[in-house]
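A quick write-up on the structure given underneath.
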Amino acid sequence: MSAKILLWNRKGCHHCEELKAYFHEKGYQYESIDVEGKDYLRDLLEIRYGIRHVPVVEIGDEGQFKGVIEKDYEQIEKLIEDYSSIVK
Numbered sequence: 027m028s029a030k031i032l033l034w035n036r037k038g039c040h041h042c043e044e045l046k047a048y049f050h051e052k053g054y055q056y057e058s059i060d061v062e063g064k065d066y067l068r069d070l071l072e073i074r075y076g077i078r079h080v081p082v083v084e085i086g087d088e089g090q091f092k093g094v095i096e097k098d099y100e101q102i103e104k105l106i107e108d109y110s111s112i113v114k
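At position 52 of the sequence shown (counting the first as 1) the number is 78 in the numbering used here, and the numbers step up by one without a gap.
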């Protein structure tokens, strides 16, 4: 089983588009959560991470996710690898 990846994003966000391209290039499947015009989703980000901006990447499953609030490919790769090795 591999890590579940959630990408919190919005239309017009170039950092979001870069992350989508990165996931496609790596062959990672991810779920996209569009926060455009949905203040309740931004409220949720603020509760979880203290921010209202995107992109945010969450990696995990079964209600246990770790978030990456910077576009940090190295950290994203490490979390995916760490999570995938735990659930094998």
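Cβ coordinates follow ideal geometry from the N, Cα and C atoms, glycine included.
{"Item": "Between which two residues does the alpha helix (DSSP H) harbouring Ile73 extend?", "Value": "Asp65 to Tyr75"}
{"Item": "Does the Cβ of Ile106 have 16 or more other Cβ atoms within 10 Å, making it buried, or fewer, making it exposed?", "Value": "buried"}
{"Item": "CB Arg36 to CB Asp60, shorter than 8 Å?", "Value": "yes"}
{"Item": "Would you give the residue range spanned by the alpha helix (DSSP H) that Glu44 belongs to?", "Value": "His40 to Lys52"}
{"Item": "In the DSSP assignment, what residue or residues form a beta bridge with Val94?", "Value": "Val83"}
{"Item": "I need the straight-line Cα distance from Pro81 to Asp98, nearest angstrom please.", "Value": "11 Å"}
{"Item": "For Met27 and Lys64, what's the separation of their Cα atoms in angstroms?", "Value": "Any reading at Met27 needs caution, since the residue's pLDDT is 48, under 50, leaving its predicted position unreliable; the model's value is listed next. Distance between the alpha carbons of Met27 and Lys64 is about 31 Å."}
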